[in-house]
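Have a look at the structure below before the remarks.
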Amino acid sequence: MPTPELISPRSPRVTAARRLAKRNFRGKDRLFIAEGPQAVREAVAHRGPDGAATLVELFTTVEAAERYADIVDAARAAGARVHHAADSVLAEVSQTVTPQGLVGVCRFLDSPFEDILAARPRLVAVLAHVRDPGNAGTVLRCADAAGADAVILTDASVDLYNPKSVRASVGSHFHLPVAVGVPVEQAVQGLRDAGVRVLAADGAGEDDLDDELDAGTMGGPTAWIFGNEAWGLPEETRALADAVVRVPIHGKAESLNLATAAAVCLYASARAQRAGAKGAPAT
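In terms of numbering that gives the first Met the number 0, the sequence shown is numbered consecutively and its last residue is 282.
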């Protein structure tokens, strides 16, 4: 068994990675941390628009390097610097209580909003004033699972690269384009100009999701705006949307949390779009 080459938590490489826990350093370095085998595996496979590898550095314990040899070998083949580190060093770099032995340093991967519009998206999630990083990451994962084409985080939302957000997405950060820092008014107008119908998800919405599905209005390009966990969407944001839609509560629950509501709305749109595609005449 090889000996760890990084044994001091005060090593310059460890210090540089550890400071990425803070947003200002992430922004300055344009780097973020991805932890665990699933996230690191996705990071290894991801390439930026310029073709450069997203993963630039990998810290691994000796045990993890043996257990996940395929990931470590792929990281090294992709050009990432691989460091075998002592458990104490991984604990310093990791943002979790129980590190899984693999910590990757990755390049930022957000996309320009204009590029997302140019791709003519059919299903988009817009996070407006979402402040909880775990929720943001979970909605990103839901959007990925539903087959969305993009996610947009407005300028009042949480940092995409917050470690909790990255962990909650379980690798979905690397699967679909995400634009960050877009003012909600600009996001809505840009999407509408691109032919996308914009719906605001709100528990007090005038329109019912079931009624929208029954009416057959959900099959076209659609963007869903999801609001803050505590107070939802402000009236000025609701007013920007083409419709304000509520998820019906058929039981006695008071409401749905943000991520659950997002999953319901995104999957409803995805199903309606698939049904519309199947029913479209052949060309």
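Glycine residues also receive a C-beta, built at the ideal position from the N, C-alpha and C atoms.
Because the structure is a prediction, the values reported are computed rather than measured.
- Taking 3 residues as the shortest admissible run, the region 138-222 contains the following complete beta strand (DSSP E) segments, listed from N- to C-terminal end: 149-153, 177-181, 196-200.
- Leu-212 and Ala-229 have their C-alpha atoms some 27 Å from each other.
- Apart from sequence neighbours up to five positions away, the residues of its chain that approach Phe-112 with a beta-carbon distance below 8 Å are Ile-151, Ala-178, Val-181, Gln-185, Ala-186, Gly-189, ordered along the chain.
- Look at the beta carbons and you see the region 113-127 not touching the region 85-97: under three pairs across the two are nearer than 8 Å.
- Nearest neighbour of Ser-87 by Cα position, chosen from Tyr-67, Thr-60, Val-71, turns out to be Thr-60.
- Looking at the backbone, the Cα of Phe-173 and that of Leu-108 are separated by about 8 Å.
- Using a 10 angstroms sphere on the CB of Thr-236, the tally of other CB atoms reaches 16 or more, which defines it as buried.
- If you check the CB distance, Val-102 and Val-92 come in under 7 Å.
- As far as DSSP is concerned, Glu-41 takes part in no beta bridge.
- The straight-line gap separating the alpha-carbon atoms of Glu-234 and Ala-199 is approximately 11 Å.
- Secondary structure at Ile-248: coil, using DSSP grouped into helix, strand and coil.
- When the alpha-carbon of Leu-257 is set against those of Ala-240, Tyr-266, Ala-214, Asp-131, the nearest one is in Asp-131.
- Within the same chain, Val-187, Val-197, Leu-198, Ala-199, Ile-224 come within 8 Å of Ala-240 by CB-CB distance, once the 5 residues on both sides are set aside.
- DSSP places Arg-75 inside the alpha helix (DSSP H), whose first and last residues are 68-76.
- Per DSSP, the continuous beta strand (DSSP E) segment holding Thr-59 begins and ends at 54-59.
- Scanning its chain for C-beta atoms nearer than 6 Å, with the 5 sequence neighbours on each side dropped, one finds around Arg-40 the residues Ile-70, in chain order.
- Per the DSSP secondary-structure output, Gly-103 pairs in a beta bridge with Ala-33, Leu-57.
- Excluding sequence positions up to five before and after His-45, its CB lies within less than 6 Å of the CB of Thr-53, Phe-173, all in the same chain and listed in chain order.
- Residue pairing by DSSP places Ala-242 opposite Leu-198 in a beta bridge.
- In the DSSP assignment, Ala-124 falls within the beta strand (DSSP E) that extends over 122-126.
- It is roughly 10 Å from the alpha-carbon of Cys-141 to the alpha-carbon of Asn-134.
- Between Arg-25 and Tyr-160, the C-beta spacing is below 7 Å.
- In the three-state reduction of the DSSP assignment, Arg-237 falls in the helix class.
- Taking C-beta atoms under 8 Å as the contact rule, Gly-204 and Val-243 qualify, at a distance of about 4 Å.
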